[in-house]
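Q: First the structure, which I've put down as structure tokens, then a few questions once you've had a look.
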Amino acid sequence: MKAATIRTYQTVHTWTGLLAGFALFVAFYAGALTVFHDDIATWQNPPWRSATDAGVPTDQLIERLLTAHPAARADFGIVLPTDDAHAAYAYWQDGSDTRFATASQMGAPRSDAAENELADFIYALHDSLGLPVVGLYLMGIVSVLYGLALVSGVLIHLPQLLGNLFAMRVGRNLKRLWQDAHNAIGVISLPFHVIFAVTGALFCLLTITLAALNTVAFDGKLFDAFARATQTTPAVTASGVPAAMLPTHTLIERARTEALASGVTSFDPDYLHFVHYGDRNAVAEVRGRSLHTLGTYGTVALSAHDGRVLANYVGDRLSLNGISYAALFGLHFGSFGGRTVQWLYFVLGLAGAFLFYSGNLLWIESRRKRRHADQPRRTQVMARATVGVFIGACLGISGAFAATWIATRNGVDAGLPQRVACYGLFLAACAYACVRPIARAAVELLWMTATLTGLVALVDLAGSASSMLQDTGPLAWRALGVDLTGIALAMGFACLARATARRARSGDVNSLWAYPPTPEASAESEQTQ
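Next comes the structure, spelled out in structure tokens:
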């Protein structure tokens, strides 16, 4: 390959990585935590401290919904709880608005019944940076840039791929060590990064892509065709004849029996969808999750009146469209396997976050002046942005955990506190990085993150220890796992803080990551000159 071509790919790799890196760091760090979505939900409301409305029967929830909102019987859904410590909630259309409510909220439903769920908030950070609609499209564009960075990076390192793949040259040249670590992590995890880039772009830009193709190639017919191809609920017309509905537990068991006969080894329902509830032609659609298959989610549609199977989209009954979408979802979130796959995706998420952090550090190091104390403004701005955004995102997420812990222990909805804590600490970290010397800001923010992360985990562990000893079921182990992971992350941040401080004291004095000289040292240097 010509040298000019390699330089072009290097430029593409550098700038696409820099432009997308800030958003991707947040997406990967939050995404690593999102892998344990159910565990975080259990940590927030463990079995010994159940959420409001936990344990309310699903049929009672439906009865309250239809009593308060009779028009909802035409089409509504029930999101089933992940465990006994959480509450089911209903959602339905109220005019042009989508409403969500648990059993006790039917009189005045909130816009989002899950707004106090920490796990859902972290997922929103991963999915759209917590910015509704705009953030989703932004992450789609970022995923496209991410794909360009991957392709250009592979082409740059392809000639030396095998020779330098496991070359970790430890020595005084820290830049070379960081470069080796960056390259090794990028190449080893390349297949997973390709999956994340492709599926992320598809999920985030699906609506825009369909709209473009609908106009350019399908003469305005694509949306109707897409809806028919992906619809799983049978189209029925209300008969006008009232009929008794089967209990939800009966419908769930019949759906599970049908699903297990379709080639899957498990089927755990998480969502119910009803159409024309109370009518003789009413339909009940049961969605469930199956492990150890790429078709993670499937649905079984039944007659809500007599339990007849109307449609089956599980296992070997999945359509080509269904298996394609389910496979993309399973590959992106690692939901097709058990704990081993979850931990693998967790490690890959943290490694991906390190990839973007190290990429920024390499860019800064490559453009600093070796023999001058005053560094170019652009490198200073990038260094401050890297410290503020990257470390600030970690600090903000730890703050969301802390705010959620305090709110739930005091019987307060955690939605507002967790958002205020997360975004407030993030913005404060960015401001802190702008006013403090860069090296000191990096060390101090890392220590703050380590302290807050470890403190939340240790306090929760100390407060819940007796309950964990009494309840040794799977849910207790989930809560314990979150605390232990928090302690491990805190230790990781502490190690980074110590390493950054060590370099600031003993590294190149002209580096942006060195502590600024004291007045005494500056005067001594001038006298020597």
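Numbering (numbering that gives the first Met the number 0), first residue to last: 0 to 528.
For glycine and all other residues, C-beta sits at the position ideal for the given N, C-alpha and C.
Everything numeric in this text was worked out from a predicted model, so none of it was measured.
1) Reducing DSSP to helix, strand and coil, say where Ser466 ends up.
2) Under three-state DSSP, which class holds Asp278?
3) Compare the beta carbon distance of Gly76 and Ala89 with 8 angstroms and say whether it is the shorter of the two.
4) For Ala258 and Leu130, what's the separation of their Cα atoms in angstroms?
5) What do you get for Trp512, buried or exposed, if any count of 16 or more other CB atoms within 10 angstroms of its CB means buried?
6) How would you write the range of the beta strand (DSSP E) that Arg435 sits in, first residue to last?
7) Less than 8 angstroms between the C-beta atoms of Leu530 and Val285, yes or no?
8) Let me make sure I understand the geometry here. Which of Ile61, Asn182, Leu290 has the alpha-carbon closest to that of His12?
9) Which of the three DSSP states, helix, strand or coil, is assigned to Asn509?
10) Under 8 angstroms Cβ to Cβ from Tyr28, same chain only, skipping five residues before and after it: list those, please.
11) In terms of alpha-carbon separation, which member of Asp459, Gly314, Thr4 lies closest to Ile155?
12) Would you mind giving the Cβ-Cβ distance between Tyr270 and Leu65, rounded to the nearest angstrom? I have them listed as a contact below 8 angstroms.
13) Which residues bound the beta strand (DSSP E) around Arg307?
14) Arg286 bridges to which residues according to DSSP?
15) Quick one: what's Ile77 bridged to in DSSP?
16) Does the distance from the CB of Asp93 to the CB of Val481 come in under 8 angstroms?
17) Determine the direct distance from the alpha carbon of Phe355 to that of Leu17, and round the result to whole angstroms.
18) Using DSSP bridges, identify the partner residues of Thr97.
19) Go through its chain and collect everything with a Cβ distance to Trp14's Cβ below 6 angstroms, but skip five positions before and after it.
20) Do three or more CB pairs link the stretch 467 to 474 to the stretch 33 to 47 at distances below 8 angstroms?
21) Could you work out which residue in Thr57, Cys429, Thr407, Ile322 is closest to Ala228 when comparing CA atoms only?
22) Could you check whether Ser334 and Asn280 sit closer than 8 angstroms to each other, using their CB atoms as the reference points?
23) Using the rule of at least 16 other Cβ atoms within 10 Å of the residue's Cβ for burial, across every protein chain shown, is Met490 buried or exposed?
24) Between Thr7 and Gly199, what straight-line distance do the alpha-carbon atoms span, to the nearest angstrom?
25) Give me, in chain order, the residues of the same chain whose beta-carbon lies closer than 7 angstroms to that of Leu209; leave out the 5 immediate sequence neighbours on both sides.
26) Tell me which residues share the same chain as Ala406 and place their Cβ nearer than 6 angstroms to its Cβ, disregarding the 5 neighbours each side in the sequence.
27) Assign Pro241 to one of three DSSP states: helix, strand, or coil.
28) Report back the beta-carbon spacing between Val22 and Val141 to the nearest angstrom; my notes put them in contact at under 8 angstroms.
29) Excluding the 5 residues preceding and the 5 following Leu309 in the sequence, name in chain order all residues of the same chain whose CB lies nearer than 7 angstroms to its CB.
30) Identify the continuous alpha helix (DSSP H) that holds Asp83 and give its terminal residues.
31) Rounding to the nearest angstrom, what Cα-Cα distance links Thr403 and Thr452 in this structure?
32) Taking the C-alpha atoms as reference points, what is the distance between Asp52 and Ala102?
33) Just to confirm the assignment, what range does the alpha helix (DSSP H) spanning Glu62 have?
34) In chain order, which continuous runs of the alpha helix (DSSP H) of length 4 or greater are located wholly inside the stretch 361 to 407?
A: With the given structure in hand:
1) In the sequence shown, residue 466 corresponds to position 467, counting from 1. The answer is helix: DSSP assigns Ser466 an H, G or I state.
2) Mapped onto the sequence shown, residue 278 falls at position 279. DSSP places Asp278 in strand when its eight states are reduced to three.
3) Walking along the sequence shown from the start, residue 76 turns up at place 77. Walking along the sequence shown from the start, residue 89 turns up at place 90. It is a contact, given that the beta carbons lie within the stated cut-off.
4) Locating residue 258 in the sequence shown gives position 259, where the first residue counts as 1. Locating residue 130 in the sequence shown gives position 131, where the first residue counts as 1. C-alpha separation (whole angstroms): 37 angstroms.
5) Walking along the sequence shown from the start, residue 512 turns up at place 513. Buried.
6) One-based indexing of the sequence shown puts residue 435 at position 436. Unbroken run through Arg435: none, as it is neither H nor E.
7) Summary: the structure shown does not reach residue 530, with the chain confined to residues 0 through 528, and so no result is reported for it.
8) Counted from its first residue, the sequence shown places residue 12 at position 13. Residue Asn182 is the option with its Cα nearest to His12.
9) Translated into the one-based positions of the sequence shown, residue 509 becomes position 510. Reduced to three states, the DSSP call for Asn509 is coil.
10) Position 29 of the sequence shown, counted from the first residue, corresponds to residue 28. So the qualifying residues of the chain are Gly348, Leu349, Ala352, Ala392, Cys393, Ile396.
11) Residue 155 sits at position 156 when you count from the first residue of the sequence shown. Closest option to Ile155, Cα to Cα, is Thr4.
12) Counting from one through the sequence shown, the residue named residue 270 turns up at place 271. Counting from one through the sequence shown, the residue named residue 65 turns up at place 66. Actually they are not in contact, since the Cβ atoms of Tyr270 and Leu65 sit about 18 angstroms apart, beyond 8 angstroms.
13) Walking along the sequence shown from the start, residue 307 turns up at place 308. It is not in any beta strand (DSSP E) - Arg307 carries neither H nor E in the DSSP assignment.
14) Here residue 286 refers to the residue found at position 287 when the sequence shown is read from its first residue. Answer by DSSP bridge pairing, in chain order: Tyr270, Thr298.
15) Translated into positions along the sequence shown, residue 77 becomes position 78. Ile77 is bridged to Ala89, Leu271.
16) Residue 93 sits at position 94 when you count from the first residue of the sequence shown. Residue 481 sits at position 482 when you count from the first residue of the sequence shown. No. Outside cutoff.
17) In the sequence shown, the residue the question calls residue 17 occupies position 18. In the sequence shown, the residue the question calls residue 355 occupies position 356. Distance between the alpha carbons of Leu17 and Phe355 is about 8 angstroms.
18) Position 98 of the sequence shown, counted from the first residue, corresponds to residue 97. Partner(s): Gln92.
19) As a first step, residue 14 must be located in the sequence shown, where it is residue number 15. Here the set comprises nothing.
20) yes
21) The residue labelled residue 228 in the question sits at position 229 within the sequence shown. Residue Ile322 is the option with its Cα nearest to Ala228.
22) Walking along the sequence shown from the start, residue 280 turns up at place 281. Walking along the sequence shown from the start, residue 334 turns up at place 335. Not closer than 8 angstroms, so no.
23) As a working mapping, residue 490 is identified with position 491 in the sequence shown. Exposed, since its Cβ has fewer than 16 Cβ neighbours within 10 Å.
24) To locate residue 7, count along the sequence shown from 1; it is residue 8. To locate residue 199, count along the sequence shown from 1; it is residue 200. Approximately 26 angstroms between the Cα atoms of the pair.
25) Residue numbering aside, residue 209 sits at position 210 when the sequence shown is read from its first letter. Excluding positions up to five away in sequence, the list reads Leu221, Phe222, Phe225.
26) Here residue 406 corresponds to residue number 407 of the sequence shown, with the count starting at 1. Once the five neighbours on either side are set aside, the close Cβ partners of Ala406 are Ala413, Pro416.
27) As a working mapping, residue 241 is identified with position 242 in the sequence shown. The answer is strand: DSSP assigns Pro241 an E or B state.
28) Locating residue 22 in the sequence shown gives position 23, where the first residue counts as 1. Locating residue 141 in the sequence shown gives position 142, where the first residue counts as 1. The residue asked about is misnamed: residue 22 is Ala in this sequence, not Val. Yes, they are in contact, since the Cβ atoms of Ala22 and Val141 sit about 5 angstroms apart, within 8 angstroms.
29) As a first step, residue 309 must be located in the sequence shown, where it is residue number 310. Excluding sequence neighbours, Leu309 sits near Pro233, Val282, Ala300, Leu301, Ser302.
30) To locate residue 83, count along the sequence shown from 1; it is residue 84. No alpha helix (DSSP H) holds Asp83; DSSP gives it neither H nor E.
31) Locating residue 403 in the sequence shown gives position 404, where the first residue counts as 1. Locating residue 452 in the sequence shown gives position 453, where the first residue counts as 1. Each residue's Cα considered, the two are about 13 angstroms apart.
32) As a first step, residue 52 must be located in the sequence shown, where it is residue number 53. As a first step, residue 102 must be located in the sequence shown, where it is residue number 103. For Asp52 and Ala102, the distance between alpha carbons rounds to 6 angstroms.
33) Taking the first residue of the sequence shown as position 1, residue 62 is located at position 63. Unbroken alpha helix (DSSP H) run through Glu62: 57 to 67.
34) 376 to 384
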